[in-house]
Each structure stands twice: as C-alpha cells, then as structure tokens.
Amino acid sequence: MCDGMYFYLFSLYLCFILSIFPVGCFIVLYVRISGYLKATGFSFLSVLLNTGRYGEALLFSMLDSRKGQKYILPNVYLNTCSGTLTEIDLILITHKGLFVFESKNYSGEIYGSDHKLYWDVYYRRKKYQIYNPVLQNRTHVNALLYKFPMLRAEDVYSFVVFGNRSVLKVTSNEIVIHRKMLSSVLDRLGKSLPDIFDLDEMSFLHASLKLCSNPEDFVKNRHLEYVSSLKKKHSQ
1 MCDGMYFYLF SLYLCFILSI FPVGCFIVLY VRISGYLKAT GFSFLSVLLN
51 TGRYGEALLF SMLDSRKGQK YILPNVYLNT CSGTLTEIDL ILITHKGLFV
101 FESKNYSGEI YGSDHKLYWD VYYRRKKYQI YNPVLQNRTH VNALLYKFPM
151 LRAEDVYSFV VFGNRSVLKV TSNEIVIHRK MLSSVLDRLG KSLPDIFDLD
201 EMSFLHASLK LCSNPEDFVK NRHLEYVSSL KKKHSQ
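So that you can map any letter, position 187 of the sequence shown is 187 in full-length UniProt numbering, and since no number is skipped, the others follow by simple counting.
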C-alpha cells in the first residue's frame, strides 16, 4: 500500500474516532493517562490505538492516583535465571512490598486455572488461546527475586488484572481480578500487610529498576524474538 493511500485511510479512521468521542472526552482521557505517557514516551494516539497499551495506561493511572509514598515503573525488562529476557508490564513499589502487575485488557469469556499452560478466550463466537498469565507473572516475580537476592518471596505480590469487559471463569490461588476491583484489593492488603521497606530501600529498588524500564529498541527486539520463538515451539 502506498504512503498516500495509507495516510488517507488513517485520516478516515481518525475522523471516525473523533466523530464518536467528543473532544472533551479526549482531553479528560489525556489528562488521566498523562503520567503513563510521560513514563513510557508513548504518544497519546499510539496508546488509544493499542488495546494492550490502553489497558496498561488505565492501570497505571489507578496506581498513580493512590495515596502514600510509592514508585510506579512501566515496561521493565529483566533477565531470568535461565538467561532469557522477560518484560513486566507494571511494578508498584510501596512500604508494603513490590507489586507486580500483568495487564490483560481482553473482552469476552476467559477460562483457565493455575495448572493449565494456556487459557481459552471466547469473544464474538471465536475461540483463541493465551499463555497462562499466572505463570507468566510468576516468571516476572522470579526475575525480580533473581535480580535482588535480598528480597524474600513474601515481599513480592503478583497481580493479574483483566479488563472490565471480560468475564472471568478462572480458578486460581493467585490474585486474578478485573481492573475495577484493583483499588479495593490493594486497600485490603494495605491494611493487613506490615511495612517492610523504608524510604531508602524503596528509593534503591526504584533506581535499580528504572535502569531496566523502557530500554533501547535492541533490548525490546531481543525479548520479542524470544516470545516469537516460544510461540513457534508451542504451535508445532
């Protein structure tokens, strides 16, 4: 497709979006997710047009609005103990511990359990599979424990957060929730958990992980190549 035709079709799509959503709504949304845009360097339009990024932006916004001392890091790339690279959607650092978020901004019915390698998604009369996000986030937690040997497993909390338009038919011992439930779950945890990090420890963790957040493109490409190889392996 030539550049002129691509630009024409993109302009039509943009006009369609603008005809549905009043300009005021875009302004409110831009302000709401501006923290995510600043932290990631993504453009507003690229986030709107990417379902996954949009879900992460909404999740970031919810975490950012919470009271208390905290650090939020998006798109953190860490080495695992096996030498592969893994990407963590969002990390929240508070006095209570490290909270590791895997965002799944899906619609439709989601079926799965802790022991199943793949979960089933039914949407618009179609079925497809996703890698078990509980196992996926377990890899993220283990990568953090590998990077920071001083951390205990009980200092790190795994959250798998789905979009509000999904229907969860999931059996799990981990925290698997809708985005709208996040604040209440964090509130309950906050009341029950002791403080384990002081400000200096929080600052150290943030500074260390900041170096791994939104890295150069070659690091991201290395991760994408690994994910692609896994998909090919499991599709055979």
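Where a beta carbon is used, it is the ideal one built from N, C-alpha and C, also for glycine.
Q) What does a CB cutoff of less than 6 Å around G55 pick up in its chain, not counting 5 residues either side in sequence? A) Mapped onto the sequence shown, residue 55 falls at position 55. So the qualifying residues of the chain are S103, N105 and G163.
Q.
Considering only their Cβ atoms, is the gap separating K116 from N137 smaller than 7 Å?
A. Taking the first residue of the sequence shown as position 1, residue 137 is located at position 137. Taking the first residue of the sequence shown as position 1, residue 116 is located at position 116. No, they are not a contact pair.
**Q.** Range covered by the beta strand (DSSP E) that runs through G163
**A.** The residue you call residue 163 lines up with position 163 of the sequence shown. Counting along the chain, G163 falls outside any beta strand (DSSP E), and DSSP gives it neither H nor E.
(Q) Quick test of your reading: V121 and I110, contact by CB under 8 Å. State the CB separation rounded to the nearest angstrom. (A) For this step, residue 121 is matched to residue 121 along the sequence shown. For this step, residue 110 is matched to residue 110 along the sequence shown. About 6 Å separates the two Cβ atoms, so the contact holds.
Q: Pull up the distance between the alpha-carbon of E87 and that of N79, whole angstroms please.
A: As a first step, residue 87 is located in the sequence shown; it is residue number 87 there, counting from the start. As a first step, residue 79 is located in the sequence shown; it is residue number 79 there, counting from the start. Computed Cα separation, rounded: 9 Å.
Q.
Do V134 and S82 have their beta-carbon atoms positioned less than 7 Å apart in this structure?
A. Mapped onto the sequence shown, residue 82 falls at position 82. Mapped onto the sequence shown, residue 134 falls at position 134. Not in contact: S82 and V134 (Cβ atoms no closer than 7 Å).
(Q) Could you check whether L209 and V76 sit closer than 7 Å to each other, using their CB atoms as the reference points? (A) Translated into the one-based positions of the sequence shown, residue 76 becomes position 76. Translated into the one-based positions of the sequence shown, residue 209 becomes position 209. Closer than 7 Å, so yes.
Q) How far does the beta strand (DSSP E) with T86 in it reach, from first residue to last? A) What you label residue 86 is simply residue 86 of the sequence shown in a count that begins at 1. Start and end: L85 to T94.
Q) With DSSP run on the structure shown, which of helix, strand or coil describes P74? A) For the purposes of this step, residue 74 is taken as residue 74 along the sequence shown, with counting starting at 1. Note: P74 maps to strand in three-state DSSP.
(Q) Which of the three DSSP states is assigned to N137 in this structure? (A) In the sequence shown, residue 137 corresponds to position 137, counting from 1. Looking at N137 - three-state DSSP - the assignment turns out to be helix.
(Q) With a threshold of 8 Å on Cβ separation, who are the neighbours of R124 within its own chain once the five nearest residues in sequence on each side are excluded? (A) The residue given as residue 124 occupies position 124 in the sequence shown. If we look at R124 and ignore the five residues flanking it on each side, its Cβ neighbours are G108.
**Q.** Contact between the segment 47-62 and the segment 178-190 (3+ Cβ pairs under 8 Å)
**A.** yes
Q. Under the three-state reduction of DSSP, which class applies to F218: helix, strand or coil?
A. Locating residue 218 in the sequence shown gives position 218, counting from the first residue. Caution applies to F218, whose pLDDT of 43 falls short of 50 and renders its modelled position unreliable; the model cannot decide the point.
Q.
Taking only three categories from DSSP, how would you classify T80?
A. Here residue 80 refers to the residue found at position 80 when the sequence shown is read from its first residue. Looking at T80 - three-state DSSP - the assignment turns out to be coil, as it is neither helix nor strand.
Q.
In whole angstroms, give me the CA-to-CA distance for S235 and Y118.
A. Stepping through the sequence shown from its first residue, residue 235 is reached at position 235. Stepping through the sequence shown from its first residue, residue 118 is reached at position 118. Note that S235 scores 49 on pLDDT, short of 50, meaning its location in the model is unreliable and no value can be drawn from it.
Q: For R165, I'd like the list of residues in its chain whose CB is within less than 7 Å of its CB, leaving aside the five on either flank, ordered along the chain.
A: As a first step, residue 165 must be located in the sequence shown, where it is residue number 165. Answer for R165: S107, listed in chain order.
Q. Measuring CB to CB, does P74 end up less than 7 Å from T40?
A. Residue numbering aside, residue 74 sits at position 74 when the sequence shown is read from its first letter. Residue numbering aside, residue 40 sits at position 40 when the sequence shown is read from its first letter. Yes, these two residues count as a Cβ contact at 7 Å.
Q: Excluding the 5 residues preceding and the 5 following F197 in the sequence, name in chain order all residues of the same chain whose CB lies nearer than 6 Å to its CB.
A: By 1-based counting over the sequence shown, the position of residue 197 is 197. Cβ within range, chain order: H95.
Q) Considering L98, what are the terminal residues of the alpha helix (DSSP H) in which it resides? A) The sequence position of residue 98 within the sequence shown is 98, counting from 1. Careful: L98 lies outside any alpha helix (DSSP H), inside the beta strand (DSSP E) at G97 to K104.
Q) Beta-carbon separation of A57 and Y36 under 7 Å? A) Counting from one through the sequence shown, the residue named residue 57 turns up at place 57. Counting from one through the sequence shown, the residue named residue 36 turns up at place 36. Taking 7 Å as the Cβ cut-off, A57 and Y36 qualify as a contacting pair.
(Q) Could you compute how far the alpha carbon of E174 sits from the alpha carbon of V156? (A) To locate residue 174, count along the sequence shown from 1; it is residue 174. To locate residue 156, count along the sequence shown from 1; it is residue 156. One C-alpha to the other measures close to 12 Å.
Q: Just the C-alpha distance for T139 and M5, rounded to the nearest angstrom, thanks.
A: As a working mapping, residue 139 is identified with position 139 in the sequence shown. As a working mapping, residue 5 is identified with position 5 in the sequence shown. Their backbone Cα atoms lie some 43 Å apart in a straight line.
Q.
Cutting at 8 Å between CB atoms, please list the residues of its own chain near S158, excluding the five before and the five after it.
A. What you label residue 158 is simply residue 158 of the sequence shown in a count that begins at 1. These residues qualify, in order along the chain: V100, E102, V134, N137, R138, H140, V141, E174 and I175.
Q.
Measuring only the C-alpha atoms, how far is I93 from M202?
A. Residue 93 sits at position 93 when you count from the first residue of the sequence shown. Residue 202 sits at position 202 when you count from the first residue of the sequence shown. C-alpha separation (whole angstroms): 7 Å.
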